[in-house]
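In this note's numbering, the protein residues as written are 0 to 202.
Where a beta carbon is used, it is the ideal one built from N, C-alpha and C, also for glycine.
Following this line, the structure appears as structure tokens:
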């Protein structure tokens with residue numbers, strides 16, 4: 000079976016675009032303990048059906064969560080409910096995504112200020128027709144073979160995956176790794192939310 004590194008869709012404008020797409024996810028309390036309910040702050044009205052945050056969790060709409068569980072995607076260890084604690088009105092999908100710069104920069108210039116620097120708009124809560132969940136994933140180590148001293152964070156040609164040792168369809172190993180089974184489900188049932196970067200197999 001083939002395996003892939005998962006990343007969110009390719010956005011323009013570097014961290015500005017990435018922040019517009021994925022927002023932020025709070026998973027810990029003030030004592031740095033993982034909470035049962037994860038808190039989402041992000042732009043609206045667009046909310047992807049599935050996206051990654053911090054390369055550790057995957058946020059999914061309820062129907063996508065059910066799709067993964069019903070198809071026995073292995074590696075989902077915890078399904079956390081989420082709460083939308085802040086939704087800010089930035090309809091960036093209407094911007095020119097081919098422009099060299101975003102239509103609007105955040106206050107102070109920091110990408111996260113797209114969210115932190117704006118007020119919550121509660122009207123968007125009424126427009127959300129599905130619940131969202133945050134998926135905690137299994138971890139698996141020592142499944143990569145290093146084949147080059149030159150790091151390649153774009154195409155990952157510096158590593159090979161030991162496919163015979165992989166136990167899951169979806170798991171963490173520095174990045175989030177997914178099987179072709181997961182990839183096929185997501186590409187069939189979602190619209191341009193994730194990228195799948197193929198990993199070469201270890202010989």
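Give me the Cα-Cα distance between residue i and residue j, rounded to the nearest whole angstrom.
{"i": "residue 17", "j": "residue 198", "result": "23 angstroms"}
{"i": "residue 88", "j": "residue 126", "result": "13 angstroms"}
{"i": "residue 165", "j": "residue 68", "result": "19 angstroms"}
{"i": "residue 14", "j": "residue 139", "result": "28 angstroms"}
{"i": "residue 201", "j": "residue 84", "result": "44 angstroms"}
{"i": "residue 160", "j": "residue 146", "result": "10 angstroms"}
Under 7 angstroms between the Cβ atoms of residue i and residue j?
{"i": "residue 50", "j": "residue 7", "result": "yes"}
{"i": "residue 57", "j": "residue 155", "result": "no"}
{"i": "residue 63", "j": "residue 48", "result": "yes"}
{"i": "residue 123", "j": "residue 86", "result": "yes"}
With DSSP as the reference, label residue i as helix, strand or coil.
{"i": "residue 32", "result": "coil"}
{"i": "residue 117", "result": "coil"}
{"i": "residue 162", "result": "helix"}
{"i": "residue 106", "result": "helix"}
{"i": "residue 88", "result": "strand"}
Using CA coordinates, which residue listed in the options is at the minimum distance from residue i?
{"i": "residue 171", "options": "179, 190 and 142", "result": "142"}
{"i": "residue 144", "options": "153, 63 and 163", "result": "163"}
{"i": "residue 178", "options": "113, 124, 11 and 168", "result": "168"}
{"i": "residue 55", "options": "76, 70 and 71", "result": "76"}
{"i": "residue 33", "options": "133, 146, 120 and 22", "result": "133"}
{"i": "residue 82", "options": "61, 97 and 173", "result": "61"}
{"i": "residue 24", "options": "118, 59, 91 and 11", "result": "59"}
{"i": "residue 158", "options": "114, 94, 196 and 26", "result": "196"}
Between which two residues does the alpha helix (DSSP H) containing residue i stretch?
{"i": "residue 198", "result": "Careful: residue 198 lies outside any alpha helix (DSSP H) and carries neither H nor E."}
{"i": "residue 19", "result": "14-21"}
{"i": "residue 183", "result": "179-188"}
{"i": "residue 69", "result": "61-69"}
Quick one: give me the first and last residue of the beta strand (DSSP E) that residue i is part of.
{"i": "residue 153", "result": "From DSSP, residue 153 is part of no beta strand (DSSP E); its letter is neither H nor E."}
{"i": "residue 138", "result": "131-138"}
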